[in-house]
Amino acid sequence: MMAQTKNIIFDLGGVLLNLDFQKTIDAFEKLGLQNFENMFSQFKADELFAKLETGRLTETEFYEAVKKRTTQEITEAAIDDAWNALILDFRVESLSLLEKLAADYKLYLLSNTNSIHLKYFKKLFTHQTGKPLLDDYFNKAWYSNEVGLRKPGAGIFEFALKDENLLAAETLFIDDTLINIETAQQLGFKTHHLLPTERIELLDIDSI
């Protein structure tokens, strides 16, 4: 018999927040960074971006590394604008579902991100919703750059379980990237791979 679901862990981008990676690819290529999509995408991150997303690279070091890879003289503000271009807007209907789910489940957020994006989407959240903190929807939010681990590595999932004393069998993990889902499945989580056409408010959460 399957264990009752008591906890739900949500990914952020592609689940609660709309993203368009092509916008950042195009923006960086205009700044002279060629083949950017081979460095960073929904599905992979080269060493530079993996370090940024695990807090092992400062913003200053990131800016300097990007400047070395480009053919133009560019400012840190231009890098920020290009890097943040992929972040579109929050899915307000999906956020509304979280308020309802909180009555029956413990809710968590598990996101691969970095300090630049984190500052940007937190401001965007407040601007778009009028609410102070995205994290208020959750019992706890784990951001890769703050915990020093990132998906799809098993370590960040194991960290989350231990941090909140959760059982994988009682926890549903929802993410839009299949490789992250596969890691969670191997660790015993219940999972749902959210497709681009799906929205969490249209899922039958109780039956997953």
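In terms of this note's numbering, the sequence shown is residues 591 to 798. Virtual Cβ for every residue (Gly too), placed ideally from N, Cα, C. These numbers come from a predicted model, not from an experiment.
Item: Consult DSSP for ASP694 and reduce its assignment to one of helix, strand or coil.; Value: coil
Item: The alpha helix (DSSP H) that contains LEU768, what's its start and end?; Value: 768-776
Item: If we require 4 or more residues per run, which alpha helix (DSSP H) segments fall completely within the segment 592-673?; Value: 611-620, 637-643 and 649-659
Item: Kindly list the residues whose CB is nearer than 8 Å to the CB of GLU683, restricted to its own chain and excluding five residues on each side of it in sequence; keep chain order.; Value: ARG789 and GLU791
Item: Are LEU602 and LEU699 closer than 8 Å when you measure CB to CB?; Value: yes
Item: To the nearest angstrom, how far is it from the Cα of PHE652 to the Cα of ARG740?; Value: 17 Å
Item: Determine whether the beta carbon atoms of SER734 and SER686 lie at a separation below 8 Å.; Value: no
Item: Give me the DSSP bridge partner(s) of LEU699.; Value: PHE600 and ALA731
Item: Check whether the segment 767-777 touches the segment 737-754, taking contact to mean three or more Cβ pairs, one atom from each stretch, closer than 8 Å.; Value: yes
Item: When the Cα atoms are used, what is the spatial distance from GLU663 to ASP694?; Value: 53 Å
Item: Compute the Euclidean distance between the alpha carbons of TRP673 and THR660, then round it to the nearest angstrom.; Value: 14 Å
Item: In the DSSP assignment, what residue or residues form a beta bridge with HIS782?; Value: ILE764
Item: Any idea if GLU643 is buried or exposed, counting beta-carbon neighbours within 10 angstroms, 16 or more meaning buried?; Value: buried
Item: Flag this pair as touching only if the segment 743-762 and the segment 773-780 have three or more C-beta atom pairs under 8 Å; answer yes or no.; Value: yes
Item: If you follow the alpha helix (DSSP H) that ASP753 is part of, which residue opens it and which one closes it?; Value: 744-754
Item: What residues match up with ILE677 in a beta bridge as DSSP calls it?; Value: LEU609
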